[in-house]
Amino acid sequence: MSKEVQVKEREQWGSKLGFILAAAGSAVGLGNLWKFPYKAGTNGGGAFVLVYVIIVLLLGFSLMIAEIALGRHTQLNAIGAYAKISKKWGWVGALGVFAAFLILSFYSVVGGWVINYLVKSATGALKVSDPEILKGIFGGFVSSTTMPIVYSGIFMIITLAIVFIGIGKGIEKASKIMMPSLFVIIIILAIRSVTLPGAMEGVKYFIIPDFSKITMDVVLDALGQVFFSLSLGMGCMITYGSYLGKDTNIPKSGIIIPLIDTAIALLSGFAILPAVFAFGFKPDQGPGLMFVTLPAVFSKMPFGTIFAVLFFILVLFAALTSSISLLEVVVAYIVDKWGFSRQKTSIFIASVIFLMGIPASLSQGIWSNIHLLGNRGFFDTYDFISSNILLPLGGLLLCVFVGWVWNREVCTEEITNGGEVKFRLKNVWFFLIKYVCPIAIFIVFLRSLR
Ligand code: TRP
Numbered sequence: 116m117s118k119e120v121q122v123k124e125r126e127q128w129g130s131k132l133g134f135i136l137a138a139a140g141s142a143v144g145l146g147n148l149w150k151f152p153y154k155a156g157t158n159g160g161g162a163f164v165l166v167y168v169i170i171v172l173l174l175g176f177s178l179m180i181a182e183i184a185l186g187r188h189t190q191l192n193a194i195g196a197y198a199k200i201s202k203k204w205g206w207v208g209a210l211g212v213f214a215a216f217l218i219l220s221f222y223s224v225v226g227g228w229v230i231n232y233l234v235k236s237a238t239g240a241l242k243v244s245d246p247e248i249l250k251g252i253f254g255g256f257v258s259s260t261t262m263p264i265v266y267s268g269i270f271m272i273i274t275l276a277i278v279f280i281g282i283g284k285g286i287e288k289a290s291k292i293m294m295p296s297l298f299v300i301i302i303i304l305a306i307r308s309v310t311l312p313g314a315m316e317g318v319k320y321f322i323i324p325d326f327s328k329i330t331m332d333v334v335l336d337a338l339g340q341v342f343f344s345l346s347l348g349m350g351c352m353i354t355y356g357s358y359l360g361k362d363t364n365i366p367k368s369g370i371i372i373p374l375i376d377t378a379i380a381l382l383s384g385f386a387i388l389p390a391v392f393a394f395g396f397k398p399d400q401g402p403g404l405m406f407v408t409l410p411a412v413f414s415k416m417p418f419g420t421i422f423a424v425l426f427f428i429l430v431l432f433a434a435l436t437s438s439i440s441l442l443e444v445v446v447a448y449i450v451d452k453w454g455f456s457r458q459k460t461s462i463f464i465a466s467v468i469f470l471m472g473i474p475a476s477l478s479q480g481i482w483s484n485i486h487l488l489g490n491r492g493f494f495d496t497y498d499f500i501s502s503n504i505l506l507p508l509g510g511l512l513l514c515v516f517v518g519w520v521w522n523r524e525v526c527t528e529e530i531t532n533g534g535e536v537k538f539r540l541k542n543v544w545f546f547l548i549k550y551v552c553p554i555a556i557f558i559v560f561l562r563s564l565r
């Protein structure tokens, strides 16, 4: 079969660090910097954060290990990996490919906002700390008709250009500088934000859980956010794992990646929510939260403009290393399955995604009166269906697959590199994957999707 041929030609990461960087690059993105703080803000702050952290501990690590192992074992894309082990399961991967489509459609819109804010901060248009003016700047831009679409097109073109070139050393090299820089700049921002007068209210809001706020909808949102932020539930880590050589330590990668990702999400919360309170913004204003709040923080810093420009460059980089992983899931599948050229496939898929993003962008402005699911417009519908339904469902099926269908010995062999790598929590991990995770996801679904 043509699959065999593909296996031999398969590219591999340049080094062990290369994989960690790429996988962490996929995980760390707009999900951490933009989405997590605003989701925390709309879902009651500390309560959401607590549920989020519990889900990462219970599900995040286990599923990360499972996806990487499945990918490396089969050396195939999301659909191929399932189908190789059991013919009947290919459709689970297909769900993932569909989710990637939906996610990238709105992700590229937000990526466009980031590029616009990079331009705005470089030209000094954001040197304001007045909440109303900043809200006006954000609202004015995202609700306009053409420019946001143009910017999301630019974002897709850059994404495309990177996927085009393949999994090159370029991204690996850049990641080595950009990821630590992002870490440093977020820490600086968090320190500035937390020390603003009046910030303590926000710190409390972010870390002290108000248990009365924990409803099943909050839990579902947190669950969806964990999957989204860790790039889990749709075969992204399967695809990335498939480019891995046999000597990588899977348990270690499966722990480091969620740790880095969660650290950045929490830091980003500390950079944004305390400032929200210090400047008298509202925490539950939705997708604009980061864009409205951070310029106010920059305006209160020495060299604010330089910080702002640096920050948006790093956010853009983080967003790109995530968007390439989303596009890669779709491209890898089509290239593996039909043997089309990487280039042509990438261009075609990126164009379709760009077109699907247009309604998402318009739903922030002239199409804001169009509601699809409940009172959700295109943007929120894409997000809800992908993050809150498809990803957790993909995760649930992944658990059932790894826990009940995949041969346990083969799976353990893969994770421990044939016994070479120590994995002391092997049995705990298996118990989580076989029982705890699928049952937990199932209950959340049952209780919240009525
Ligand atoms: N995790 C990325 C972020 O936080 C987004 C992302 C990239 C993603 N690949 C994914 C989300 C796969 C779900 C599945 O921005």
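FYI, in this note's numbering the residues of the sequence shown are 116 to 565. Ideal Cβ placement from N, Cα and C applies to all residues, glycine included. Predicted, not measured: the structure shown is a model, and the values here were computed from it.
Neighbourhood of Val120 by C-beta distance below 7 Å, restricted to the same chain and skipping five residues each side | In this prediction, Val120 scores a pLDDT of 42, lower than 50, which makes its location untrustworthy; no coordinate-derived value is stated.
Ile365: which of Trp149, Phe216, Gly533 and Phe151 sits nearest, CA to CA?
-> Looking at Trp149, Phe216, Gly533 and Phe151, the one whose alpha-carbon comes closest to that of Ile365 is Gly533.
Arg491 - partner residues in DSSP beta bridges = For Arg491, the beta-bridge partners assigned by DSSP are Leu488.
Any chance you could list the alpha helix (DSSP H) runs of at least 4 consecutive residues sitting entirely within the segment 137 to 212, in chain order?
-> As far as the segment 137 to 212 is concerned, its whole alpha helix (DSSP H) runs of at least 4 residues are 151 to 157, 161 to 170, 176 to 189 and 193 to 200.
Output yes or no for whether 7 Å exceeds the beta carbon distance between Leu409 and Tyr153.
-> No. Outside cutoff.
Taking contact to mean at least 3 C-beta pairs separated by less than 8 Å, is the segment 202 to 215 in contact with the segment 361 to 381?
-> Under the three-pair Cβ rule at 8 Å, the segment 202 to 215 does not count as touching the segment 361 to 381.
Residues near Leu219 by beta carbon distance below 7 Å, same chain, minus five either side | Cβ within range, chain order: Ser438, Leu441, Leu442 and Ile468.
Runs of alpha helix (DSSP H) lying entirely within the segment 310 to 358, each at least 4 residues, in chain order | The DSSP assignment places complete alpha helix (DSSP H) segments of no fewer than 4 residues inside the segment 310 to 358 at 315 to 322, 331 to 345 and 351 to 356, in order along the chain.
I think Ser244 touches Phe394, with their Cβ atoms under 8 Å apart; what is that distance to the nearest whole Å?
-> The Cβ separation is near 7 Å, so the contact holds.
Quick one: Cα of Ala386 to Cα of Leu217, how far?
-> The alpha-carbon of Ala386 is positioned some 29 Å away from that of Leu217.
Hey, how far is the Cα of Leu540 from the Cα of Thr310?
-> Approximately 40 Å, taken between the alpha carbons.
Can Met294 be considered in contact with the ligand TRP, in the sense that its beta carbon sits closer than 6 Å to one or more heavy atoms?
-> Met294: no, Cβ never under 6 Å from the ligand TRP.
Identify which residue in His486, Lys549, Tyr167 and Arg562 has its Cα closest to the Cα of Pro324.
-> Among His486, Lys549, Tyr167 and Arg562, the Cα nearest to that of Pro324 is on Tyr167.
Hey, would you say the C-beta of Leu511 is under 6 Å away from at least one heavy atom of the ligand TRP?
-> Checking the Cβ of Leu511 against the ligand TRP gives no.
Identify whether Ile556 lies in helix, strand or coil by the three-state DSSP scheme.
-> Ile556 falls in the helix class under three-state DSSP.
Within 10 angstroms of its Cβ, does Asp336 collect 16 or more other Cβ (buried), or is it exposed?
-> By the neighbour-count rule (16 or more Cβ atoms within 10 Å), Asp336 is buried.
CA nearest to the CA of Met471, picked from Gly175, Ser267 and Thr531 | When only C-alpha atoms are compared, the closest one is Ser267.
Put Glu535 into one of helix, strand or coil per three-state DSSP.
-> In the structure shown, the three-state DSSP call for Glu535 is coil.
Cβ neighbour criterion (16 or more within 10 Å) applied to Thr261 | Taking all protein chains shown into account, Thr261 has fewer than 16 neighbouring C-beta atoms within 10 Å of its C-beta and is therefore exposed.
Do the segment 177 to 191 and the segment 341 to 361 meet, that is, are 3 or more Cβ pairs less than 8 Å apart?
-> At 8 Å Cβ cutoff, the stretches touch.
Helix, strand or coil at Val243 according to DSSP, with G and I counted as helix | Residue state, collapsed to three classes: coil.
Complete alpha helix (DSSP H) runs within the segment 348 to 429 (minimum length 4 residues, chain order) = For the segment 348 to 429, whole alpha helix (DSSP H) runs of length 4 or above, ordered along the chain, are 351 to 356, 365 to 393 and 404 to 414.
Cβ contact (3+ pairs, closer than 8 Å) linking the segment 233 to 247 and the segment 460 to 467 | The answer is no - the segment 460 to 467 does not touch the segment 233 to 247, with fewer than three Cβ pairs under 8 Å.
Could you tell me whether the segment 473 to 490 touches the segment 508 to 524, using the rule of 3 or more Cβ pairs below 8 Å?
-> Of all C-beta pairs linking the segment 473 to 490 to the segment 508 to 524, fewer than three are shorter than 8 Å, placing the two stretches out of contact.
Cβ contact check for the segment 441 to 455 and the segment 252 to 260: 3 or more pairs under 8 Å = With a cut-off of 8 Å, the segment 252 to 260 and the segment 441 to 455 do not count as touching, because too few Cβ pairs lie within range.
Assigned exposure category for Glu182 - 16 Cβ within 10 Å defines buried = Classification for Glu182: buried.
Cβ of Gly227 within 7 Å of Cβ of Phe270?
-> Yes, the Cβ-Cβ distance between Gly227 and Phe270 is below 7 Å.
Comparing the CB of Met349 with every heavy atom of the ligand TRP, is any distance shorter than 6 Å?
-> Met349 Cβ: within cutoff of the ligand TRP.
Mind checking whether the beta-carbon of Leu311 lies closer than 6 Å to any heavy atom of the ligand TRP?
-> Within 6 Å of the C-beta of Leu311 there is not a single heavy atom belonging to the ligand TRP.
Indicate, with yes or no, if the ligand TRP has a heavy atom lying under 6 Å from the CB of Ser440.
-> True, at least one ligand heavy atom lies under 6 Å from that Cβ.
Buried/exposed call for Asn503, threshold 16 Cβ in 10 Å | That one is buried.
Using DSSP with H/G/I as helix, E/B as strand and the rest coil, what is Gly227?
-> Reduced to three states, the DSSP call for Gly227 is helix.
Cβ of Ala433 within 7 Å of Cβ of Val412?
-> Going by C-beta atoms, Ala433 is not nearer than 7 Å to Val412.
From Val143, Ala137 and Ala378, pick the residue whose C-alpha is nearest to that of Val430; which is it?
-> Nearest neighbour of Val430 by Cα position, chosen from Val143, Ala137 and Ala378, turns out to be Val143.
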